[in-house]
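Since the structure comes first, as structure tokens, the remarks are kept for the end.
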Amino acid sequence: MKENKKQLNDLTRTFYDESEAAQMSREIEDADALLASFDSPCLRAGLADQIQADMRRRSAAIHRKTVLLRSLLSGAAACLLIGAGLFWMLRQQAAPVLTAGADLNVQEIFSDETAASIASDLDEISEQIYAADVAGWDRLWDTELRTIQEIEEMELLTDNDFWKG
Amino acid sequence: MSDQPEIHDLLERCREGDSASMSRLVDLYGRRCYGYFYRLTGNRDTSEELLSDLYVRLVEKISSFDGGSFEKWLFTIASNLFRDHLRKKYRQKRLLEQKAQFLETDNRPEKEIDGALSDRLQEGLKTLDADTAELIMLRFYGDLSFKELADMRSEPIGTTLSKVHRGLKKLKEWMDDAHERKQETTE
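Protein chains in written order, with the numbering used here: chain C, 5 to 169; chain G, 3 to 189.
The following block contains the structure:
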């Protein structure tokens, strides 16, 4: 807003001495008064309506553009979220990785029938191994024991000095 | 000249697309802005076009208004539009001059639009350089202070004060002379 009389005087005094500033303020005020004596040209009839219509049109266009942009951004964000969700679900559904110390329940992997069949096979195999070991163990042990005794005897002989003469 | 809180409410409603607020803005500032354009261009059609552009620009830029002086903001847009118009006109004129054609644009002021006094002001403004004439019209129609004018021009306030003072003094002298000449001829 334009300066009032006092503000104008203060302003001119910051640049000019007292008398020059007073004259300058007076001249500016006189010229302002002269300009104010002229009427402002009037708007043509209908111009204001035309301008208002232009403003409404432009405002509506901007609003439409904003809504479109918002919808696009929302759509993009939704697609991103759905994609991320699907990716996460697919990863979760992949084969489980067994980790050390984890409890493994075979029934979570195999059906009941398959599990029972595997269990019976394992029992059969372990019985066969047990029977085979028990039958041949003493014989094997005896042979190995004798071989060790022979080696020790040979070592004693070589350590003695009698053959040196 | 304007009630700032009312203006801020109006702008807020305009931003939401309220037609009544847009109409109110045109009622409040339309005539002043039109006067500013008319005094500088001297042409009714061009001024109407510039005024229309100004209000469309206002709708586009309304969200950039930072809440300071609305008049300063509005007349800064008006000043930019006027300068764009001058540049465009200069380019057209140069193009036509190059083709050695006589330029018959409508840049002469209309006669007797608002009576003899208005013509005298219009003629007086033409004796000033474009920048000073614009500063005086911004001060008059925009109701802007010297500080606001200096901010708009990015120049020291003393420079603006000196330019406007010189311009107003010259304008007043020219108009007083014109008035005396007119009286002599009627006698």
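Built from N, CA and C at the ideal position, the CB exists for glycine as well.
1) Select from the stretch 32-49 of chain C all residues with a C-beta closer than 9 Å to any C-beta belonging to chain G, and list them in chain order.
2) Could you tell me whether the Cβ of Ile-55/C comes closer than 7 Å to any Cβ of chain G?
3) Please state if the CB of Phe-148/G and the CB of Ile-159/G are separated by a distance shorter than 7 Å.
4) If we count the other Cβ atoms within 10 Å of its Cβ and call it buried at 16 or more, is Val-61/G buried or exposed?
5) Kindly provide the ranges of any alpha helix (DSSP H) runs that are 4 or more residues long and lie completely inside the stretch 3-29 of chain G, ordered along the chain.
6) Please tell me whether Lys-6/C has its Cβ less than 7 Å away from any Cβ of chain G.
7) Is there contact here, the stretch 79-93 of chain G with the stretch 88-95 of chain C, by at least three beta-carbon pairs under 8 Å?
8) According to DSSP, simplified to helix, strand and coil, what is Lys-63/G?
9) What in chain G is Cβ-close to Ala-52/C, meaning under 8 Å?
10) In chain order, what residues of the same chain lie with their CB nearer than 6 Å to the CB of Arg-110/G, ignoring the 5 residues before and after it?
11) How far does the alpha helix (DSSP H) with Gly-87/C in it reach, from first residue to last?
12) In its own chain, which residues sit with a C-beta less than 8 Å from the C-beta of Leu-170/G, not counting the 5 before and 5 after it?
13) Please list, in chain order, the chain C residues whose beta carbon lies closer than 7 Å to that of Ser-37/G.
14) CB-CB under 6 Å to Gly-144/G, same chain, minus the five flanking residues each way: which ones, in chain order?
15) Would Thr-134/G and Lys-165/G be called neighbours here (beta carbons separated by less than 7 Å)?
16) Roughly how many whole angstroms lie between the Cα atoms of Arg-34/G and Ser-75/C?
17) Could you tell me which of Phe-84/G, Glu-18/G, Leu-13/G sits nearest to Arg-68/C, measuring between CA atoms?
18) Since I believe Glu-125/G is in contact with Ala-180/G (beta carbons under 8 Å), could you give me their beta-carbon distance rounded to a whole number of angstroms?
19) Between Lys-174/G and chain C, is there a C-beta pair that is closer than 7 Å?
20) Please determine, among Thr-187/G, Arg-122/G, Leu-83/G, the residue with the shortest C-alpha to C-alpha distance to Phe-42/C.
21) For Ile-9/G, is the classification buried or exposed, using 16 other Cβ atoms within 10 angstroms of its Cβ as the cut-off for buried?
22) So, with DSSP's three-state summary, where would you put Lys-184/G?
23) Please compile the residues from chain C whose C-beta is within a distance smaller than 7 Å of the C-beta of Tyr-92/G.
24) Thr-161/G: buried (16+ other C-beta within 10 angstroms of its C-beta) or exposed?
25) Under 8 Å, CB to CB, which of the residues in the stretch 58-80 of chain C have a partner in chain G?
26) Given Tyr-57/G, which residues of its chain have a CB within under 7 Å of its CB, disregarding the five upstream and five downstream residues?
27) By a C-beta neighbour count over all protein chains shown, 10 Å radius and 16 as the cutoff for buried, is Ser-124/C buried or exposed?
28) Within the same chain, show all residues whose beta-carbon is closer than 7 Å to that of Tyr-31/G, passing over the 5 residues directly before and after it, in chain order.
29) If we call anything under 7 Å between Cβ atoms a contact, is Leu-140/G one with Arg-41/G?
30) Compile a chain-ordered list of the residues in the stretch 160-173 of chain G whose CB is closer than 9 Å to at least one CB of chain C.
31) Could you check whether Ser-54/G and Asp-53/C sit closer than 7 Å to each other, using their CB atoms as the reference points?
32) For Phe-77/G and chain C, any beta-carbon pair shorter than 7 Å?
33) Would you verify that the beta carbon of Phe-91/C is, or is not, closer than 7 Å to some beta carbon of chain G?
34) Whole angstroms is fine: what's the gap from Lys-172/G's alpha carbon to Lys-101/G's?
35) How about Phe-142/G: is its C-beta nearer than 7 Å to some C-beta of chain C?
36) Around the C-beta of Gly-37/C, are 16 or more other C-beta atoms found within 10 angstroms, so that it is buried, or is it exposed?
Walking through what the data contain:
1) Ile-32, Asp-34, Ala-35, Asp-36, Leu-38, Leu-39, Ala-40, Ser-41, Phe-42, Asp-43, Ser-44, Pro-45, Cys-46, Leu-47, Arg-48
2) yes
3) In this structure, the beta-carbon distance from Ile-159/G to Phe-148/G falls below 7 Å.
4) buried
5) Restricted to the stretch 3-29 of chain G, the alpha helix (DSSP H) segments that are unbroken, complete and at least 4 residues in length are 6-17, listed in chain order.
6) yes
7) no
8) Helix.
9) The contact set of Ala-52/C on chain G, defined by CB atoms closer than 8 Å, consists of Ser-25, Val-28, Asp-29, Gly-32 in chain order.
10) Caution is warranted here: a pLDDT of 49 is assigned to Arg-110/G, below 50, making its placement in the model unreliable, and no coordinate value can be reported.
11) 51-97
12) Ile-138
13) Per the sequence presented here, residue 37/G reads as Gly, with Ser not at that position. Ordered by position in chain C, the residues that pass the 7 Å Cβ test against Gly-37/G are Ser-44, Pro-45.
14) Glu-73, Phe-77
15) A Cβ-Cβ contact shorter than 7 Å links Thr-134/G with Lys-165/G.
16) Going by the C-alpha atoms only, they are around 40 Å apart.
17) Glu-18/G
18) Contact annotation, Ala-180/G with Glu-125/G: C-beta distance approximately 7 Å; criterion of less than 8 Å satisfied.
19) yes
20) Arg-122/G
21) buried
22) helix
23) In chain order: nothing, as chain C lies at least about 24 Å away.
24) exposed
25) Listed in sequence order: Asp-58, Met-59, Arg-60, Arg-62, Ser-63, Ala-64, Ile-66, His-67.
26) Val-28
27) exposed
28) Leu-76
29) no
30) Gly-160, Leu-163, Ser-164, Val-166, His-167, Gly-169, Leu-170, Lys-171, Leu-173
31) no
32) no
33) no
34) Approximately 37 Å, taken between the alpha carbons.
35) Yes, Phe-142/G lies at the interface with chain C (some Cβ there is under 7 Å from its Cβ).
36) Going by the sequence as given, residue 37/C is Ala instead of Gly. The residue in question, Ala-37/C, is exposed, as its Cβ has fewer than 16 Cβ neighbours within 10 Å.
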